[in-house]
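Below is one structure, written out as structure tokens, with a few remarks after it.
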Amino acid sequence: MINGCPNFAIDLNVEDEIVDIIQLHQIIAIVTKTSVYIYHSYTLLPLASHTRSSNSIELNGINTTAKKKLIHEPHGGKQSKLNLFIQTTSNFLVIYQISIDYSHAIYEVHNSNHELIQAAVPMNYSSGNFSFTKFLQSATKSFMQGKDEDVSPKLENVESINNNSIDDELGGYDIEPVKLSVYKVLQMGSGTGEQVFSLQSNSHELFIFNYAHEANEEVDSDYFQVVDLSNFETKLIDLSTYSWFKTPAKRVYYNQYGDYFLLVTKADEIMRLKFDKEGGLRSCTVGSGDLSNVCFSPCSNLLIGEEGETWKLYHLKDGILEKLKTLNFPQGRVNWSSCGDFFGIVEDSGNWKLLSRFGKVLFDTHQTINELNSKHNHSEGFLNAKTILIGENSNTLYVISQDSCKLYYIPLYNIVNDLVYDKNYITVIENHRNFVRFPMLPKFRRLLLHHDNESIGSSPTYQRKIILSKSLFGQLSISYGDHLAVSTPITTGGLTNHILWFNCKNHFADPLNIIEQFWFQDYLIVVNRRIQHEFEADKEKQEPLVDEVIVYDTSKTKYGMSGENIVLSSDSVLWRYDFKCTFVATQLVHNGDVSHIVVLTTDYRLVVLDLVTDKIVNLDSQTKHYRIFISTNKTVHLASLQHKLNLHETRQITMIDKRHFLFLLQSGELYLLKNVTRSSSISQKPTDVIKPSNMYDLIKLNSTIEFFKFVTVPFQSPVQFIYLFNGDQILIYDVDEMVAKACNKLHVNQEDAFESEDESELVPIAIDTDDILPLEIETDRNTINLIGLENLSSSYHHHDFVIKNKLAHKLILNNFIEFDLIHRGDLESTFNKYKSFANFQFCLELLLFKLLVGGEQQHQQQQQSSNLTLKRLFQLIEFTESPESIYINCLRKIEVAYWNKFFNVLNTTPVKFMDRLIKLDNVELCYHYLIVYLNYKKEGEPGDNENNGKVEDTYESGTVSHANGGEGAAPDQLSGDDKQIILQIIKMLAESEKWDWCFELCRFIKILEPSGQFLKEIKAEFG
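Under full-length UniProt numbering, think of the first position of the sequence shown as 1, with each following residue one higher.
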């Protein structure tokens, strides 16, 4: 989701039509039909440009397509040479080389003759006098701690003057000189016909696909041209030589992350092609359809394609292209973020959207324009785009305006472990109500700018990632690669603090690469990925990387503001252990006195570690006291499942009831590994760990799930629920019920789930998220709310407006009650279950209103089910202390047309209901109902007929006179029964001395009986 309006915007002085925009690390390349312009990624300052000569354009054609090669730097090194590949209309490939000089941070301005005009240095730069002492100090720090940029005090204040140098660099002064030149011009194939090119990641291979061309006999069939860019040797592979290739190709798409092709034939057959080690092609048919405009997700086997003018989300699994869902947005151009969590689309109209990977709209310019145009015209600027580009760090969005005159830099924010962060701030959601923002450490600000989310292949890499977490004591921790910092508590005594940061110092020779971290009470647990040493190498396993669990003692950092000398370093490590392999996913699970770490390894093991604090262990000769005791609970071998699901794509993992396990894959599939043994599998003796006493069943629960979380609802006896987000709805399950009912059978669609009467069917509580991006569920004794983020656009002066995010709350307690009304039989148990919630009666009002008003467009079967639910709701309301107040509040909200349905289901009439209220002797309820009833009389004659016992739904659209009778006055609308009831109510009001209510009642009587005769009777009665 975007984090406000653009930070920067520059004018684009381009004369030709813009073809594409591409980011290559710290630079942005804008490609036009004849030129290439290079800009700085973080400040949008122009760095270089190149315009092709007229002779080159005439011989080779104009630019049409631009691509880059994905190159993974394992240790985050900087590349001094970058390449940009551009295809022309004459099927030539123009290869640009971009040279970056990192030796000095000087911004230089040259003229067209490459003569230096101006040079500038950072504002904080000062040559100073040479000092041998300063030289030794600098050398010592560099030797002990690494680069100067990594040297920071153990206790760091974000506002320290020591951070000024970093602020200057981030402010745009650390810009390296860039040179742009044409490196090579290659002719693609025969030069005739249609051709597309692709670049293999981390390789010198260039793939050129040549479509068959009827006019050229030399190109009578489709073929690949494989070019080695290191020596420009070419190899041709004719597809007609393969027996499996029977129909010419219509389209071909290359997945540079998974290194395979999707080929759509003219017979609408979709094939997956991949080059083997010998250079040949292997093929398999994955589906059928007229697929076009395919865009691949970087982190999974998801892809978006267009079929029949409709966008669809697909999943390529086990050689089958499976459609997951249809995406409802118009024609346009799609591109994924490098993290794979969201994607953007630019519509042909210029409107653009950001959506989560399963279709949740995160930002929509069309909706924003509609909101703003109610006051002013905001149709221009970044809200209408020609093209957009999501930055490599997934924290930035580049937008080129629809008229190609402006380039905008828009910040994005990400969410990690319920903490929101962008390049400048870490945002904590406090008490589900407020945003509390803390400045990002300058060191991490710089790391975030250079962060590259793009992943290549499915094997574990040394790629760095940013992780944030928050402890129960309100301490924050942030890590990136070998950088780790822990804050002091964000609140003390209910007051928000200005936090200080402890920077962790690593005294070991091997640098850290933290890929996961979380808090356990006073301890910070990190997962470090390191290179395996030669003496540790296992001959049978060829993995170069191993993951290890490290436990830091951070108990004293809570008192960092007290002035105590506290150091966070590798000396604070309490426990360190590696599993001789890498991890796919880890999760901390709290369970009473004992917590667990669930680890899924790449060698298909599921390891459960127990965490206990302050444990005493009696040995043969001595007794040991452990501040934190870690032991292996059990290991589950999952090698037999590797052909059923791709465990290496696991995104989330957890353990339920110490027996069962949940796996959420990158593809959105949610699986339950259900323990079907009767006895608990938790080991009581050391020998139980190796006993094969467990039997498991793998069950697919759902698909297109973005995340799952747990929440405990404080009923009379607390119940744990799991809630899933599928891009459209929050699906909530009772955890025990989910495990008990889960079984391997065809999944029931959510639309039909509520129609099933089978008690064994697993049905969720489905809640529409509307415009909210859900984060978590809030539960207390008052209510149950869905907490999320929502965009807010507001205009404040002519063409000026702001876009910001706010916390949104949606009441969902009523959804829980409605679910029990439909799927639970005992209404008294339902009442006892929810009566302790303060919002219980209000939720009953909402449900009553929904069931009365919302069933007009339902089918007959749905209406029957809705009527049955409505009857059960009336029965549930009767359990409350004052059901009449709920009825009256609902009647005050619904229109006259729904009164008939209300009283029919309640099996009464308006007059009988008034008699019921009078018998209660509750003057307030009687008065409020009478006001509603008189309004009903004013709107239309109710048609009460005591003989037939029902209310006729007649509506008279006559005009009610507000004058004192006279010509044109409406006839009297009060019957004798009405007058008798009114007299009783006025008597009760007079006895209670509710004179203001009496006056209001008389006003209605005057409207309903313009003649004033009844008012005279009242005056005579009460004098």
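Note that beta-carbon positions come from the ideal geometry of N, C-alpha and C, so glycine has one too. Nothing here was measured: the structure is a model prediction, and the numbers come from that model.
Considering only DSSP beta bridges, list what residue 1028 is partnered with. Examination of residue 1028 is not possible in this model, given that the chain is present from 1 through 1023 alone.
Please report the residue range of the alpha helix (DSSP H) in which Ala-267 lies. Neither: Ala-267 is in no alpha helix (DSSP H) and is coded neither H nor E.
Where Ile-62 falls: helix, strand or coil (DSSP): coil
Contact check, Tyr-260 vs Leu-273, beta carbons under 8 Å: yes
If contact is defined by three or more beta carbon pairs under 8 Å, each pair taking one atom from either stretch, is the region 569–587 in contact with the region 631–645? no
CA nearest to the CA of Gly-481, picked from Lys-470, Gln-517, Asp-728: Checking every option, the nearest Cα to that of Gly-481 belongs to Gln-517.
Since Ile-426 sits in a beta bridge, which residues does DSSP pair it with? Tyr-421, Phe-438
Top-ranked residue by Cα proximity to Ile-2, from Ser-394, Ala-838, Val-158, Leu-930: When each option's Cα is compared against that of Ile-2, the closest is Ser-394.
Alpha-carbon to alpha-carbon, Leu-773 and Leu-851: 27 Å
So what's Phe-382 in DSSP terms, helix, strand or just coil? helix
Opening and closing residue of the alpha helix (DSSP H) in which Gln-729 lies: Element bounds for Gln-729: not the alpha helix (DSSP H) but the beta strand (DSSP E), 729–734.
So Val-896 is in the beta strand (DSSP E); what residue range does that whole segment cover? Element bounds for Val-896: n/a, residue is neither H nor E.
Name the residue from Lys-317, Glu-269, Asn-293 whose alpha carbon lies nearest to the alpha carbon of Thr-310. Asn-293
Give the secondary structure of Gly-1012 by DSSP, where H, G and I count as helix, E and B as strand, and everything else as coil. coil
According to DSSP, Val-594 sits in a beta bridge with which residue or residues? Asn-591
With a Cβ-Cβ cutoff of 8 Å, do Leu-827 and Gln-875 count as a contact? yes
Once you ignore the five residues that flank Pro-46 on each side, which residues in its own chain have a CB closer than 6 Å to its CB? Tyr-39
Ignore the nearest five residues each way along the sequence and tell me which others in Leu-199's own chain have a CB closer than 7 Å to its CB. Lys-67, Lys-69, Phe-85, Leu-206, Gln-256
Cβ-Cβ distance between Tyr-933 and Ile-985 below 8 Å: A distance of 8 Å or more separates the beta carbons of Tyr-933 and Ile-985.
Go through the region 322–408 residue by residue and report every complete run of the alpha helix (DSSP H) that reaches 4 residues or more, in order. 365–372
Proximity of Met-738 and Leu-762 at Cβ, strictly below 8 Å: Contact annotation: Met-738 and Leu-762 have beta-carbon atoms nearer than 8 Å.
Give me the Cβ distance between Thr-488 and Leu-500, rounded to the nearest whole Å; I'm assuming they're in contact under 8 Å. About 5 Å separates the two Cβ atoms, so the contact holds.
Let me know if Tyr-254 comes out buried or exposed under the rule of 16 or more other beta-carbons within 10 Å of its beta-carbon. Result: buried.
The beta strand (DSSP E) spanning Met-914 covers which residue range? Premise fails: Met-914 lies in the alpha helix (DSSP H), 910–920, not in any beta strand (DSSP E).
Mind checking whether Arg-576 and Glu-534 have CB atoms under 8 Å apart? It is not a contact, given that the beta carbons lie outside the stated cut-off.
Return yes when the Cβ of Glu-347 is within less than 8 Å of the Cβ of Gln-367, no when it is not. no
So, for Asn-351: in the same chain, excluding its five sequence neighbours on each side, which residues have a beta-carbon less than 6 Å away from its beta-carbon? Thr-365, His-366
Candidates Lys-235, Trp-244, Lys-323: which alpha carbon is nearest Gly-668's? Lys-323
Beta carbon of Leu-588 nearer than 8 Å to that of Phe-520: yes
Using CA atoms only, rank isn't needed, just tell me which of Trp-995, Asp-657, Gly-189, His-114 is closest to Phe-1022. Trp-995
Taking the continuous alpha helix (DSSP H) assigned at His-432, which residues delimit it? Per DSSP, His-432 belongs to no alpha helix (DSSP H) and is neither H nor E.
How many Å lie between Lys-81 and Pro-442 at the Cα? Approximately 27 Å between the Cα atoms of the pair.
My understanding is that Glu-269 touches Thr-285, with C-beta atoms under 8 Å, so please give their C-beta distance in whole angstroms. 6 Å
Following the continuous beta strand (DSSP E) through Cys-284, name the residue where it begins and the one where it ends. 281–288
Report the residue from Ile-10, Thr-65, Ile-705 whose alpha carbon sits nearest the alpha carbon of Glu-17. Thr-65
Same chain, Cβ closer than 6 Å to Leu-789, five either side skipped, listed in chain order: The beta carbon of Leu-789 lies closer than 6 Å to those of Leu-773, Asn-805 in the same chain, with the five residues before and after it left out.
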